[in-house]
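Peer 1:
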Amino acid sequence: MRVCMLIWNYWPGPEGGAERQCRRLARVLGKRGIVCSIVTRRSSWKHPASETVEGNLIRRVSITEPFWDRLIGSLSRHRDRDAATDPSQDVLRSKERVICQARAWRPRHLLMRASRCAFMASSWRVLREVGSSAAIFHVHESHWLAGWGGFMAHRLCLPWTVKEASIPCLEPLDPATPRRQLLDQMRRAGFFFAQTSAAADELRKSGVSGDRIYVVPNGVEIAPETADVRHSQNVLFVGNLRGGYKAEDVLLDAWTRVASACPWAHLVMVGDGGRERLSPLIRQRGLTHCVTAVGRVSDTDAYYRAAAVFVLPSRKEGMSNALLEAQSYGLPAVVSDIPGNRAVVEQNRTGLIVPVGEADLLAENIIRLLRDSDARARMGEAARVRIRDLFSMDIVAERVINSYQDILNRCSTGKRPCFSMTQG
4 MRVCMLIWNY WPGPEGGAER QCRRLARVLG KRGIVCSIVT RRSSWKHPAS ETVEGNLIRR
64 VSITEPFWDR LIGSLSRHRD RDAATDPSQD VLRSKERVIC QARAWRPRHL LMRASRCAFM
124 ASSWRVLREV GSSAAIFHVH ESHWLAGWGG FMAHRLCLPW TVKEASIPCL EPLDPATPRR
184 QLLDQMRRAG FFFAQTSAAA DELRKSGVSG DRIYVVPNGV EIAPETADVR HSQNVLFVGN
244 LRGGYKAEDV LLDAWTRVAS ACPWAHLVMV GDGGRERLSP LIRQRGLTHC VTAVGRVSDT
304 DAYYRAAAVF VLPSRKEGMS NALLEAQSYG LPAVVSDIPG NRAVVEQNRT GLIVPVGEAD
364 LLAENIIRLL RDSDARARMG EAARVRIRDL FSMDIVAERV INSYQDILNR CSTGKRPCFS
424 MTQG
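Every number in our numbering is 3 more than the matching position in the sequence shown, counting from 1.
(1) For the candidate residues E205, L254 and V271, whose alpha-carbon lies nearest to that of G321?
(2) Got a sec? Which residues, its chain only, sit under 7 Å from R116 by beta carbon, not counting five neighbours each side?
(3) Between Y407 and A156, what straight-line distance do the alpha-carbon atoms span, to the nearest angstrom?
(4) Over the uninterrupted alpha helix (DSSP H) stretch that includes R374, give me the two end residues.
(5) L255 and A310: beta carbons closer than 8 Å?
(6) Report the three-state DSSP secondary structure of R233 (helix, strand or coil).
(7) My output table needs one value for C414: the three-state DSSP class, helix, strand or coil.
(8) With T259 as the anchor, note down where its alpha helix (DSSP H) starts and where it stops.
(9) With DSSP as the reference, label W151 as helix, strand or coil.
(10) Here's the rule: buried if 16 or more other CB atoms are within 10 angstroms of the residue's CB, otherwise exposed. What is D187?
(11) Could you pull the start and end residues of the alpha helix (DSSP H) that A310 belongs to?
(12) For D177, which of G360, W127 and L114 has the nearest alpha-carbon?
(13) Assuming I370 and V359 form a contact by the criterion Cβ under 8 Å, report the distance between their Cβ atoms to the nearest whole angstrom.
(14) What is the DSSP secondary structure of Q350, counted as helix, strand or coil?
(15) Would you decide whether Y55 is buried or exposed? Buried here means 16 or more other CB atoms lie within 10 Å of its CB.
(16) R190 and V211 - do their beta-carbons sit closer together than 8 Å?
(17) Nearest-angstrom Cα distance between E68 and L148?
(18) I need the DSSP call for A226, collapsed to helix, strand or coil.
(19) 8 Å is my cut-off, CB to CB: does A179 come that close to chain B?
(20) Does the Cβ of Q184 have 16 or more other Cβ atoms within 10 Å, making it buried, or fewer, making it exposed?
(21) In or out: Q198 buried (at least 16 other Cβ within 10 Å) or exposed?
(22) Would you call E144 buried or exposed, if buried means 16 or more other Cβ atoms sit within 10 Å of its Cβ?
(23) State the DSSP-derived secondary structure class of L355, mapped to helix, strand or coil.
(24) Is P110 buried or exposed, if buried means 16 or more other CB atoms sit within 10 Å of its CB?
(25) Is any heavy atom of the ligand NAP found at a distance shorter than 7 Å from the C-beta of G343?
(26) Residues bridged to K166 by DSSP?
(27) Check each candidate in D231, R345 and E167 and name the one with the smallest Cα separation from E305.
(28) Check whether the stretch 345 to 353 touches the stretch 271 to 284, counting contact only when three or more Cβ pairs, one atom from each stretch, lie closer than 8 Å.
(29) Among all the DSSP beta bridges, which residues are the ones paired with G298?
(30) Can you tell me the Cα-Cα spacing of T43 and Q24, whole angstroms?
(31) Express the C-alpha separation of L334 and G242 in angstroms, rounding to a whole number.
(32) Helix, strand or coil: how does DSSP classify F240 here?
(33) Going by beta-carbon coordinates alone, are A137 and V219 separated by less than 8 Å?
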């Protein structure tokens with residue numbers, strides 16, 4: 004079987020959770036005889052337009068992308084500085100955010116629109132070429148790119164599946180999207196991989212029929228060794244801090260209480276945008292002696308192994324790669340009560356779940372684990388077993404393969420069409 008995968012960024016370009024999952028999945032599928040061709044944008048002129056890595060073909064399109072990135076980045080920098088002063092203001096309801104962007108960021112959106120049009124024009128030929136030998140399209144995000152992937156798959160008479168990684172699902176396409184109504188229709192018309200049952204329910208509420216939804220979680224490669232949770236005094240946070248959804252302000256508010264109750268403890272915060280975003284917040288709270296903002300690192304292994312507890316207080320998130328990785332190292336976790344976290348953490352067995360935005364309760368549960376090394380060890384061991392049994396990359400890849408096969412069987416037998424233009 005051949006699969007055409009479509010994703011906006013891909014290794015070695017900018018990498019987040021979706022990009023890491025795409026690369027992990029393609030690697031494991033390749034070992035099982037499924038050939039993956041990944042079509043992505045050319046985020047740097049240093050990256051070749053075409054290469055084969057780990058047995059999979061990577062096609063990078065739109066040679067003008069680095070140019071657009073620089074222009075868009077220059078308009079975005081002062082927005083990021085504003086967000087750093089009050090991270091909670093980043094999180095608006097979807098429709099409010101789109102309206103705000105439309106009013107305040109028209110120049111930026113014009114550049115983003117030009118960038119997307121350039122990508123669509125340059126990827127047309129490549130997707131037709133790659134798709135001509137593929138059995139199915141797999142789009143690793145649910146925004147405008149999912150609509151473009153669906154449009155191209157539809158033209159090639161191929162089924163396509165869209166990965167939905169967040170709740171609320173199928174958020175409104177932003178004003179920078181060309182042919183917004185068409186792409187919105189196309190992204191809703193295929194099959195879906197929902198990370199959790201809660202995301203599947205949200206998709207149904209959005210008008211996607213249940214028989215087009217497959218629950219496929221993120222996967223993780225099981226860590227070869229475990230963290231020394233009994234003796235470490237570090238609490239670890241790992242996440243991309245540029246979006247404001249990770250609730251780092253709540254975590255730092257909680258840490259003022261943790262620092263008083265457990266003066267020996269140290270909070271280590273790892274993630275893109277961490278230093279510039281967190282430094283003023285840490286200074287304002289007088290926490291420079293017990294909080295370290297590391298910034299982005301290429302290898303987090305040493306940080307996981309040196310931690311006693313993992314913390315993730317996100318306001319909004321899909322299924323966190325960092326949480327899966329932490330629990331695979333045998334780290335007990337204190338997480339916010341959102342669907343993606345609940346799907347991974349079992350309350351009082353592999354970690355502790357607290358209400359979103361509740362700094363006092365977050366602090367209370369962190370303190371509880373810091374003071375009880377036996378509980379940390381017990382929860383950490385249970386977490387590692389749970390990750391191995393439910394979220395290992397091999398198990399997730401098997402679910403993906405079975406889903407691909409089911410979709411292809413349904414399309415080939417005529418039990419239902421490969422696509423539905425009546426949804427949404």
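Note that the Cβ used here is the ideal one computed from N, Cα and C, for glycine as well.
Keep in mind it's a predicted model, so treat the numbers as computed, not measured.
Peer 2: The structure says:
(1) E205
(2) A179 and P181
(3) 15 Å
(4) No alpha helix (DSSP H) holds R374; DSSP gives it neither H nor E.
(5) no
(6) The answer is coil: DSSP assigns R233 none of H, G, I, E or B.
(7) helix
(8) E251 to A264
(9) helix
(10) buried
(11) From DSSP, A310 is part of no alpha helix (DSSP H); its letter is neither H nor E.
(12) Of the candidates G360, W127 and L114, the one whose C-alpha sits nearest the C-alpha of D177 is L114.
(13) Going by Cβ atoms, the distance from I370 to V359 rounds to 19 Å, so no, they are not a contact pair.
(14) strand
(15) Looking at the sequence itself, residue 55 is Thr, so the reference to Tyr does not match. Exposed is the call here.
(16) no
(17) Each residue's Cα considered, the two are about 15 Å apart.
(18) coil
(19) The structure shown has no chain B; it contains just one protein chain.
(20) Using a 10 angstroms sphere on the CB of Q184, the tally of other CB atoms stays under 16, which defines it as exposed.
(21) A buried status is given to Q198, since no fewer than 16 other beta-carbon atoms sit within 10 Å of its beta-carbon.
(22) buried
(23) strand
(24) exposed
(25) With respect to the ligand NAP, the structure shown offers nothing to examine, as it has no ligands at all.
(26) F196
(27) A quick correction: the sequence has Ala, not Glu, at residue 305. Here the closest residue by C-alpha is D231.
(28) Touching, no, given that fewer than three Cβ pairs across the two stretches are closer than 8 Å.
(29) V273
(30) 14 Å
(31) 16 Å
(32) strand
(33) No.
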